[in-house]
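*Asks:* First the structure, then my questions, so here it is.
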Amino acid sequence: MKYRGYEIIENSSGVLVKNVRDFDPSHIFECGQCFRWNREIDGSYTGIAFWRVINVHRDGENILINNTGADDFKNIWYKYFDLGTDYSEIKSAVAKDDIMRRAVSYGCGMRILRQEFWETLISFIISSNNNIPRIMKIIEKLSAQCGEEIKYGNKTYHTFPSAAALSNASPEEIGICRGGYRCGYISGTSAKMEIARIDKKNLEKKSTPDARKTLLEFPGVGPKVADCVLLYSGIKFDVFPTDVWVKRVMESLYIHKPASLGKIQSFAAERFGALAGFAQQYLFYYARKNKLS
DNA sequence: TTGCAGGGGTCAA
DNA sequence: TTGACCCCTGCA
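Shown next, in the form of structure tokens:
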């Protein structure tokens, strides 16, 4: 059957999506935007999102999504994998100079996942002053402690805990995830969320500066985390999350001297405009993997 | 074996 | 603008 230009074939194990361009699972799942996808021995990735466990396998130009059906593909995964966006257009638009051309060619199969807002918020609070393997472990333990079980194959997985579940958890229960001082932020943000009830739609209606301002009111959320949340949950794409890596790359390759956060962001806004978020992602992936600067 | 630096920042002074 | 911060890992 056809769905929005894609030919999809449903079988007993999942859904095959034919001729998907600009889709490389390793670029998508290892570019630092998500923490709940694990590489399997066969090169496929298994992940948890939207209360489901799926396995994603690329076979040439086709993508096989296991443990799902056509309805979920249409209602969830089409949007989650941003399949409605033409990445070829984005890539040619941001590849304005040699640096960006190299970065785009390096991460050519990258896509920005439209992840769940709440999970993204807590995940990036956990990411601060932390490294990816440990971030993944903390999120895993937090989910095992406060999330709900899902079985897939012979394994048990856990959904990401709701704001209600986290705000009801005691400090001891949250502390089991070994998040250190971030555990206080998790509890504080969960409690605030139970009152504030901010959601994706809420933030989409706001201007980017206003949406950022709203997020900055949550404990543990600074400028970097706020921009990551806006970008990786698909709310705003004109943000330019600036961590130490992006800062180093921008200083060494573009600005050619030490620069403040504000300076880097205004440079990016001027150069990449509405596509700053995509540019950042190609740049970050390229810089990290090649250990640039 | 033990000690120490540093990690995709944030907060408070 | 600067240092502390919880915990884990890699490396002398």
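Quick note: to get the working numbering, add 38 to the position in the first sequence (first position is 1).
Every residue gets a Cβ at the ideal spot worked out from N, C-alpha and C, and that includes glycine.
Source: prediction; values computed, not measured.
Suppose contacts are defined by Cβ-Cβ distances below 9 Å. Is S166 in contact with G258 by that definition?
*Replies:* As a position in the first sequence, residue 166 is number 128, starting the count at 1. As a position in the first sequence, residue 258 is number 220, starting the count at 1. A contact, by the Cβ cut-off of 9 Å.
*Asks:* The beta strand (DSSP E) that contains L180, what's its start and end?
*Replies:* The count along the first sequence starts at 1 and reaches residue 180 at position 142. Per DSSP, L180 belongs to no beta strand (DSSP E); it is in the alpha helix (DSSP H), I170 to C184.
*Asks:* I think Y324 touches R59, with their Cβ atoms under 8 Å apart; what is that distance to the nearest whole Å?
*Replies:* Within the first sequence, the letter at position 286 stands for residue 324. Within the first sequence, the letter at position 21 stands for residue 59. The Cβ separation is near 20 Å, so there is no contact.
*Asks:* Judging by CA-CA distance, which residue of Y44, V277, E255 and D248 is the nearest neighbour of A234?
*Replies:* Within the first sequence, numbered from 1, the residue matching residue 234 stands at position 196. Checking every option, the nearest Cα to that of A234 belongs to E255.
*Asks:* Excluding sequence positions up to five away, which residues of its chain have a Cβ less than 6 Å from the Cβ of Y116?
*Replies:* Translated into the one-based positions of the first sequence, residue 116 becomes position 78. Within the same chain, Y116 has no close Cβ partners at all.
*Asks:* Looking at the secondary structure, which residues open and close the alpha helix (DSSP H) in which Y324 lies?
*Replies:* Indexing the first sequence from 1 puts residue 324 at position 286. Taken as a continuous stretch (DSSP letters only), the alpha helix (DSSP H) holding Y324 covers A314 to K327.
*Asks:* For E186, which residues in the same chain have their Cβ closer than 7 Å to its Cβ, ignoring the five residues on either side in sequence?
*Replies:* Numbered from its first residue, the first sequence carries residue 186 at position 148. The answer, listed in chain order, is H196 and T197.
*Asks:* Can you give the Cα-Cα distance for R326 and I170, rounded to whole angstroms?
*Replies:* Counting from one through the first sequence, the residue named residue 326 turns up at place 288. Counting from one through the first sequence, the residue named residue 170 turns up at place 132. Those two C-alpha atoms are separated by around 12 Å.
*Asks:* Could you round the C-beta distance between Y219 and Q71 to whole angstroms and report it? I think they count as a contact, below 8 Å.
*Replies:* Within the first sequence, the letter at position 181 stands for residue 219. Within the first sequence, the letter at position 33 stands for residue 71. Actually they do not touch by this definition, with Cβ atoms about 24 Å apart.
*Asks:* Give me whichever residues DSSP pairs with T84 in a beta bridge.
*Replies:* Translated into the one-based positions of the first sequence, residue 84 becomes position 46. According to DSSP, which records beta bridges pairwise, T84 is partnered with N76 and N93.
*Asks:* Quick check: the segment 299–318 against the segment 272–281, are there 3 or more CB pairs under 8 Å?
*Replies:* With a cut-off of 8 Å, the segment 272–281 and the segment 299–318 count as touching, because enough Cβ pairs lie within range.
*Asks:* Note down the Cα distance separating G81 from F305, rounded to an integer number of angstroms.
*Replies:* Looking up residue 81 in the first sequence gives position 43. Looking up residue 305 in the first sequence gives position 267. C-alpha separation (whole angstroms): 38 Å.
*Asks:* Please go through the segment 191–225 and give each complete alpha helix (DSSP H) segment of 4 or more residues, from N-terminal end onward.
*Replies:* Runs of the alpha helix (DSSP H) inside the segment 191–225: 201–206 and 209–213.
*Asks:* Could you work out which residue in N104, F88 and I224 is closest to N113 when comparing CA atoms only?
*Replies:* The sequence position of residue 113 within the first sequence is 75, counting from 1. The option with the nearest alpha carbon to N113 is F88.
*Asks:* Give the range of the alpha helix (DSSP H) segment to which Y125 is assigned.
*Replies:* The residue you call residue 125 lines up with position 87 of the first sequence. It spans Y125 to V132 - the alpha helix (DSSP H) in which Y125 sits, taken as one unbroken run.
*Asks:* Assuming G147 and F61 make a contact with CB atoms under 8 Å, what is their CB distance in whole Å?
*Replies:* As a first step, residue 147 must be located in the first sequence, where it is residue number 109. As a first step, residue 61 must be located in the first sequence, where it is residue number 23. Contact flag correct, Cβ pair sits at about 6 Å.
*Asks:* Less than 9 Å separating the beta-carbons of T94 and L102?
*Replies:* Along the first sequence, read from residue 1 onward, the residue named residue 94 stands at position 56. Along the first sequence, read from residue 1 onward, the residue named residue 102 stands at position 64. Looking at the sequence itself, residue 94 is Val, so the reference to Thr does not match. Yes, these two residues count as a Cβ contact at 9 Å.
*Asks:* My guess is that Y83 and R74 are in contact by the Cβ rule of under 8 Å, so how many angstroms apart are they, rounded?
*Replies:* Stepping through the first sequence from its first residue, residue 83 is reached at position 45. Stepping through the first sequence from its first residue, residue 74 is reached at position 36. Between R74 and Y83 the Cβ distance is about 10 Å, and since that is not below 8 Å, they are no contact.
*Asks:* Looking only at C-alpha atoms, which of I212, K244, G311 and G98 sits nearest to I164?
*Replies:* Start at 1 with the first residue of the first sequence, and residue 164 comes out as number 126. When only C-alpha atoms are compared, the closest one is I212.
*Asks:* Could you tell me the boundaries of the beta strand (DSSP E) in which E48 lies?
*Replies:* Mapped onto the first sequence, residue 48 falls at position 10. Where E48 is concerned, the enclosing beta strand (DSSP E) stretches over Y44 to E48.
*Asks:* Less than 9 Å between the C-beta atoms of S225 and P209, yes or no?
*Replies:* The count along the first sequence starts at 1 and reaches residue 225 at position 187. The count along the first sequence starts at 1 and reaches residue 209 at position 171. For S225 and P209, yes; Cβs fall inside 9 Å.
*Asks:* Can you give me the C-alpha to C-alpha distance between R7 and Y292, rounded to a whole angstrom?
*Replies:* Summary: the structure shown does not reach residue 7, with the chain confined to residues 39 through 331, and so no result is reported for it.
*Asks:* Among the candidates Y41, I137, L159 and R216, whose CA atom is the shortest distance from the CA of N328?
*Replies:* The residue labelled residue 328 in the question sits at position 290 within the first sequence. Nearest of Y41, I137, L159 and R216 to N328, Cα basis: I137.
*Asks:* Hey, would you say T106 sits closer than 9 Å to V53, going by beta carbons?
*Replies:* Locating residue 106 in the first sequence gives position 68, where the first residue counts as 1. Locating residue 53 in the first sequence gives position 15, where the first residue counts as 1. Yes, the pair counts as a contact, with Cβ atoms nearer than the cut-off.
*Asks:* Going straight from the alpha carbon of L241 to that of I273, what length do you get?
*Replies:* Here the question's residue 241 lines up with position 203 in the first sequence. Here the question's residue 273 lines up with position 235 in the first sequence. Cα to Cα, L241 sits roughly 7 Å from I273.
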